[in-house]
Structure formats: structure tokens, C-alpha cells
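Asker: In terms of UniProt numbering, the sequence shown has 23 at position 23, counting the first letter as 1, and numbering is strictly consecutive. Virtual Cβ for every residue (Gly too), placed ideally from N, Cα, C. Quick caveat, the model's predicted, so the values are computed rather than measured. Here you go, one structure.
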Amino acid sequence: MRKPRPWGVAKTYQTLKSTTPRARYKRKRKGTPRTKNTFRSRHAVITYNKFFLSVISLLMYYNEEVLTEAQTTRQLMNKIRKRQAKFVGHVIRRNQLEHLVTTGKFDGKRGRGRPREKMLDSLADWMNIEKPSEMIRKMSCRDGWRSMIAHASRHGT
């Protein structure tokens, strides 16, 4: 009978070298036939798919149900728009380089493809203002701009 090794003693290089990769692979494969058939079984796959689909549908509807029970709506986009509007108002009131970058046009060729969406255009849509130039004019009055942001955020996206 072989003498047991004490804890903490690692296998020596000789014992690792004596086992070939093929022998180690065969030893490892001995335990796998049971699991191999599990995933090849058609019944197991169908059962797994049914379970998976029921979990996904539960997750999809659960968040909406929680929101309706709490009588609230999703407010993340509304908060983002509100902060953007505050920041743009701050930038436009300061007649410096940021104002020029936000409102100015640049020389050169326009890139191919669909034009990029501008922040001023998206904010004008959110606030139901027809032209961004009209919105820029309204930004000069700080209190008026603040009340416009509050009104738009109440009626939201």
C-alpha cells in the first residue's frame, strides 16, 4: 500500500512527467459520459428552453408591472434632458468659445452619410420649440429659461 503524502506536498516533476497527456485526457473523459448525454437529449433541451423562455418573459413584464403598481414612470431620460438643457443655457449665456462651438458653423466639407443630430435640435424637439435659434434667444433670460425647463420636464418625453 502506498504511503499517503502529507498536506502541502506538491507533485514532483517526475510524477507529472510520467503521465502522458493522452492518459490524463482518458482519465478526465471517464466522468463525462453522464453529462454528455444530458445535453444531447432532445427532451432536456426542450425543457431547458421552456424554462428559459418563461424566465425571460417574467423579467420583461415584471419591471413594467412594478412601475404601474407604484404609479410612476421611467424618469432617467427626463433627468438627462433637464441637465442638458441647464448646461446648454449656462454655455449660451457666456459669450465665449463654448458658445461659438455650440452655435457656430465650421468651414470644410461635410462628412458622408446621415447628418449628426445636434444637441440644440434635440433639446428644441423636447421643449416643443420650432427652431434652435428661437431657443438660443430665449436662453438669455435665466429665469424664463429655468421655467421653460421645468415645464418641459413635467410634460416629459
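Enumerate in chain order the residues of its own chain whose CB-to-CB distance from A10 is below 7 Å, with the five nearest sequence positions on each side excluded.
Answerer: Within the sequence shown, residue 10 is the residue found at index 10, counting from 1. Note that A10 scores 49 on pLDDT, short of 50, meaning its location in the model is unreliable and no value can be drawn from it.
Asker: On the premise that L123 lies in contact with M135, defined as a C-beta separation below 8 Å, what is that separation, rounded to the nearest angstrom?
Answerer: Counting from 1 along the sequence shown, the entry for residue 135 is found at position 135. Counting from 1 along the sequence shown, the entry for residue 123 is found at position 123. Their Cβ separation, rounded to whole angstroms, is 7 Å, which keeps M135 and L123 in contact under 8 Å.
Asker: Would DSSP call R112 helix, strand or coil?
Answerer: Taking the first residue of the sequence shown as position 1, residue 112 is located at position 112. Residue state, collapsed to three classes: coil.
Asker: CA-CA distance, E69 and N63?
Answerer: To locate residue 69, count along the sequence shown from 1; it is residue 69. To locate residue 63, count along the sequence shown from 1; it is residue 63. Each residue's alpha carbon lies about 10 Å from the other.
Asker: Would you call the segment 146–157 and the segment 75–92 in contact, with 3 or more CB pairs under 8 Å?
Answerer: Verdict: yes, contact present.
Asker: Less than 9 Å between the C-beta atoms of K82 and S153, yes or no?
Answerer: One-based indexing of the sequence shown puts residue 82 at position 82. One-based indexing of the sequence shown puts residue 153 at position 153. Contact flag set, yes.
Asker: Which residues bound the alpha helix (DSSP H) around G89?
Answerer: Mapped onto the sequence shown, residue 89 falls at position 89. Start and end: 76–93.
Asker: When you compare the CB positions of M119 and Q84, do they come within less than 9 Å of one another, or not?
Answerer: Within the sequence shown, the letter at position 119 stands for residue 119. Within the sequence shown, the letter at position 84 stands for residue 84. In this structure, Q84 lies closer than 9 Å to M119 by Cβ.
Asker: Return the CA-CA distance between N78 and G111, expressed in angstroms with no decimal places.
Answerer: The residue you call residue 78 lines up with position 78 of the sequence shown. The residue you call residue 111 lines up with position 111 of the sequence shown. Those two C-alpha atoms are separated by around 31 Å.
Asker: Comparing C-alpha positions only, which one of R93, H155, R114, R116 sits nearest to N128?
Answerer: As a working note, residue 128 is residue 128 in the sequence shown. Of R93, H155, R114, R116, the residue nearest in Cα terms is H155.
Asker: Compute the beta-carbon to beta-carbon distance between R137 and R93, rounded to the nearest angstrom, for a pair I have assumed lies under 8 Å.
Answerer: As a working note, residue 137 is residue 137 in the sequence shown. As a working note, residue 93 is residue 93 in the sequence shown. Wrong, their Cβ atoms sit about 12 Å apart, outside the cutoff.
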